[in-house]
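**Student:** Shown below is the structure under consideration.
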C-alpha cells in the first residue's frame, strides 16, 4: 500500500512531542462521545441499524464503508442536523457533559452546533455561501458564538486563516468563495469549523473533492489543528489507506450496520470481517496488477432482513447469516459482528 | 464594471430605436385615416390635402419617421388631433405618474406579501399553510384581473363603501386620499404578480435550502431564522429579480385593464382612448413610454446582477 505523506502528523502513536503532542486521556475518564443503539428508519428502510461506538477525548475515529453505508448520516446525526422531518431516529448519543442529545430540542442544539461540535463538509465549494465574502462567513460565528466585537473578530479571523495556511489572509477576507481554489476553500472551512475550539470535529470526506496532491496537506492540517486543541475528530472516509494513517480507531459500516470496529492498526492490518477484507482488496496497490472487485450490488435498505446485511454478497456466508443478525462481540482486540470470521 | 454598464446602456438605446421604428411603421399601416376623423363626414378634397400637408402626412415614410424621431427626442411630441393639447404634457406629465404609482404600489404589495408567504410555504412544506398558498397562487394566476377588479368594486366600493372605486388622487398631494383611491386598483393589479412571487420564492427557496452551504450554516450554529432569511433569501434574490424584470410587461399590460376598470387617467387608459380615436401620435407616445419602462427595468436588472451574485462580477 503506497503511504501518503502525512509527515509528522501520522498516526498518534508515532506523533512526536514536538507537535505539541496530544493529551492522553486519564484512565477512567468518560469518553467524549458515546453512541449506542443509533437507528434511523425512513419509510420502510432501515438506514442505520443499532450503530454503536465511542470516542475518547483527543482521539481520531474513522467511519468507513461504501457510499450508502450510512457514514454521512451518522455525522449529520452527531451534529443534530438529522431531526425533524426524519423522525425515525432512535438510540442515544451521549456527549460528555451534555448527556443524551438525540432528543435534545433545537434550542439545546443551537448551543452545541458550531460550539462544541463542528463539521467540515465534503465539497467546500458548495459548503461556502457563494453570496457572502470569506470574511463575513468566518466572522459571523466568531461574533455570534464567541461574542467578539467587529475588530476583534477581524483580528481573530486573520489569525485563523493564517493558522490554516492561507497566505495573504487580510485581503482574503473580502474575497468571495469562487475566487479561491478548492484547497483554499477547504482551508477556510477548516478555519470556520475550528473558530470556536470545538471538542468534536466531524470531517465528512474532507478531501474527496480535492486534488490528490492537496489531500495529504488538508488531512495533516486537520490532524494538527485538532490535536493542538486536544479535540477529537471523526473522519468519514471511504479510503482505507488514508484511514489507516490518520485514524486511531475505525468503525467499518455496511448497510447501516457496524460490522467491525477497533483500533485501526488491528482492524485494517488484519481484518476479520469478510467485508473489511473485501474493502481492503479494493484499494489500488501499485505492486499488484489486479484489483479484487466486490461482488456487484450495493447494500440495500429495502428489505429489513433479520440477518447480516452483507450476507448476499459475502463469499463466506453461512445459512444462519441471512437469518440471524450476528452480535457485535469483542474478538482479538476489536469488536466484530460476523458468524464466520476470517481466521 | 463601467465598461459593462456602458455596453448595456448602448444596447438599450439600440433596442429603443428599433422599437420606435417598428411601432411607427405598424401604426402607419393600421387601418383608419386620422384626417377623415378630424374633418368629420363632410369635407372638400382641398381641405383634405391642405391638412395632410400641414400634418406632414404627404411625405415619405422614412422622412416622416426621421422628423418624428427628431422632435420626439427633443420632447416635442406634437398635439392631440382631438383635444389640441400637447401630447408630451398629458402623456408624460399627467398619465405616466399615475401608471408608475399604480405599478409601484402593486409591485410593493406583491413583494411585501409574496416573499413572506413563499418563505412560509417553503419552510413548512406539506403543511396546511403550504396547501393554502398553493391554492391561492393557482387562483391568483388564473383569475382574470379585470374581473377581480369588478368584484372588488362591488364588494368594497358598493356594498361596504370602504374605498372609492374610481379616479386618481396623487398620494404626494393628499396621502390618505391617494392611498384609499389606490387600494383597490393596486390589489387588483398585484394579484397575478403576488401569486407568481409566492410560487417563485417557494420553488427557489426549497432548492436553495437543500444546498450544502445551508447545512454548513446550520452546522455553524446559525439559528433557523438566520439560515432562511439571510443565507436562503440572499441566494434567491437573483431569480426573483430576473422574474420581476421579465414580468414587468405583464404588469404594464395589466395596468391597461386596471386603469380602464377603475377609470384611472394613466398611460393604459390614454392608449385605449387614442386607439379608438385613431390618434397615431398618442399611441406612438404610449408605445414608446411602455417600451422605455420595460427596457429600462431590464437594464436595471442587468446592472443589478453583479451585485446580486458575486460570481457574475467582471474581474
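Protein chains in written order, with the numbering used here: chain A, 112 to 454; chain B, 19 to 333.
By construction, the Cβ of each residue, glycine as well, lies at the ideal position given by its N, Cα and C atoms.
Can you list the residues of chain B that residue 241(A) reaches, using a CB-CB cut of under 8 Å?
**Tutor:** Residues of chain B passing the Cβ test: 231, 253, 327, 328 and 329.
**Student:** For residue 145(A), which of helix, strand or coil comes out of DSSP?
**Tutor:** Three-state DSSP puts residue 145(A) in a strand.
**Student:** Within 10 Å of its beta-carbon, does residue 253(B) have 16 or more other beta-carbons around it, so buried, or fewer, so exposed?
**Tutor:** By the neighbour-count rule (16 or more Cβ atoms within 10 Å), residue 253(B) is buried.
**Student:** Grab the span of the alpha helix (DSSP H) containing residue 270(A) for me, first residue to last.
**Tutor:** First-last of the alpha helix (DSSP H) with residue 270(A): 261 to 274.
**Student:** Within the stretch 25 to 97 of chain B, note down every full alpha helix (DSSP H) run reaching 4 residues or more, in order along the chain.
**Tutor:** Segments of the alpha helix (DSSP H) lying fully in the stretch 25 to 97 of chain B: 52 to 57, 63 to 73 and 79 to 91.
**Student:** What does DSSP give as the partner residue(s) for residue 231(B) in the beta ladder?
**Tutor:** Partner(s): none; residue 231(B) has no beta bridge.
**Student:** List the whole-angstrom C-beta distance separating residue 297(B) from residue 99(B), where the pair is believed to meet the contact cut-off of C-beta under 8 Å.
**Tutor:** Contact flag correct, Cβ pair sits at about 6 Å.
**Student:** So residue 218(B) and residue 258(B) are supposed to be a Cβ contact under 8 Å. How far apart are they, rounded?
**Tutor:** Between residue 258(B) and residue 218(B) the Cβ distance is about 6 Å, and since that is below 8 Å, they are a contact.
**Student:** Could you give the C-beta distance for residue 358(A) and residue 172(A), rounded to a whole number, given that I count them as a contact under 8 Å?
**Tutor:** Correct: roughly 6 Å between the Cβ atoms.
**Student:** With a Cβ-Cβ cutoff of 8 Å, do residue 143(A) and residue 343(A) count as a contact?
**Tutor:** Contact: yes.
**Student:** Per DSSP, what kind of secondary structure is residue 210(A) in: helix, strand or coil?
**Tutor:** Residue state, collapsed to three classes: strand.
**Student:** What in chain A is Cβ-close to residue 235(B), meaning under 8 Å?
**Tutor:** Correct list: 240.
**Student:** Taking the DSSP output, what are the residues bridged to residue 200(A)?
**Tutor:** For residue 200(A), which the question treats as bridged, DSSP gives the partners 151(A).
**Student:** If you draw a straight line from the alpha carbon of residue 134(B) to that of residue 280(B), how long is it in whole angstroms?
**Tutor:** Residue 134(B) and residue 280(B): Cα-Cα distance of roughly 29 Å.
**Student:** Please identify the residue among 345(A), 270(A) and 236(A) whose C-alpha is closest to the C-alpha of residue 169(A).
**Tutor:** Considering only alpha carbons, the answer is 345(A).
**Student:** How should residue 450(A) be labelled, buried or exposed, when 16 other C-beta atoms within 10 angstroms of its C-beta is the threshold for buried?
**Tutor:** Buried: at least 16 other Cβ atoms inside 10 Å.
**Student:** Which residue wins for smallest C-alpha separation from residue 317(B), given the options 326(B), 331(B), 273(B) and 263(B)?
**Tutor:** Per the Cα distances, 263(B).
**Student:** Could you tell me which whole alpha helix (DSSP H) segments of length 4 or greater appear in the stretch 104 to 136 of chain B?
**Tutor:** The stretch 104 to 136 of chain B contains no whole alpha helix (DSSP H) run of 4 or more residues.
**Student:** Have a look at the DSSP bridge pairing and note the partners of residue 510(A).
**Tutor:** The structure shown does not extend to residue 510(A), since chain A is modelled only from 112 to 454, so the question has no answer here.
**Student:** Since residue 162(A) and residue 190(A) are thought to touch, with beta carbons under 8 Å apart, how far apart are those beta carbons, to the nearest angstrom?
**Tutor:** So it is not a contact: roughly 15 Å between Cβ atoms.
**Student:** According to the neighbour-count rule (16 or more other Cβ atoms, all chains shown, within 10 Å of its Cβ), is residue 437(A) buried or exposed?
**Tutor:** Per the 10 Å Cβ criterion, buried.
**Student:** List the residues of chain A that residue 241(B) touches, going by C-beta distances under 8 Å, in chain order.
**Tutor:** Correct list: 221.
**Student:** Which chain A residues are close to residue 249(B), counting only those with a beta carbon under 7 Å from its beta carbon?
**Tutor:** Going along chain A in sequence order, the residues near residue 249(B) (Cβ under 7 Å) are 240.
**Student:** In three-state DSSP terms, what is residue 135(A)?
**Tutor:** Caution is warranted here: a pLDDT of 45 is assigned to residue 135(A), below 50, making its placement in the model unreliable, and no coordinate value can be reported.
**Student:** How close, in whole Å, do the beta carbons of residue 204(A) and residue 181(A) come, if the pair is a contact with beta carbons under 8 Å?
**Tutor:** Not confirmed; about 14 Å, so no contact.
**Student:** Considering only residues of the stretch 190 to 230 of chain B, which uninterrupted alpha helix (DSSP H) runs meet the minimum length of 4 residues and lie entirely inside it, listed in chain order?
**Tutor:** Runs of the alpha helix (DSSP H) inside the stretch 190 to 230 of chain B: 193 to 226.
**Student:** Check each candidate in 444(A), 427(A), 302(A) and 187(A) and name the one with the smallest Cα separation from residue 269(A).
**Tutor:** Comparing Cα positions, the closest option is 302(A).
**Student:** Taking all protein chains shown into account, decide if residue 308(A) is buried (16 or more other Cβ within 10 angstroms of its Cβ) or exposed.
**Tutor:** Classification for residue 308(A): exposed.
**Student:** In whole angstroms, give me the CA-to-CA distance for residue 351(A) and residue 177(A).
**Tutor:** Between residue 351(A) and residue 177(A), the C-alpha separation is close to 11 Å.
**Student:** Can you say whether residue 79(B) is buried or exposed, counting buried as having 16 or more other CB atoms within 10 angstroms of its CB?
**Tutor:** Under this definition residue 79(B) is an exposed residue.
**Student:** Helix or strand or just coil, what does DSSP make of residue 347(A)?
**Tutor:** In this structure, residue 347(A) counts as strand in the three-state DSSP scheme.
**Student:** With burial defined as no fewer than 16 other Cβ atoms inside 10 Å of the residue's Cβ, what is the status of residue 435(A): buried or exposed?
**Tutor:** Burial call: exposed.
**Student:** Determine the closest residue to residue 323(B) out of 293(B), 110(B), 261(B) and 163(B), with distance taken between C-alpha atoms.
**Tutor:** Selected option, being the one with the closest Cα: 261(B).
**Student:** Assuming residue 232(A) contacts residue 315(A) (C-beta within less than 8 Å), just tell me the rounded distance between them.
**Tutor:** The Cβ separation is near 6 Å, so the contact holds.
**Student:** Quick one: list the residues of chain A neighbouring residue 238(B), beta-carbon separation under 9 Å, in chain order.
**Tutor:** Under the 9 Å cutoff, chain A gives 224, 225, 229, 230, 248, 251, 252, 255, 256, 303, 304, 306 and 307.
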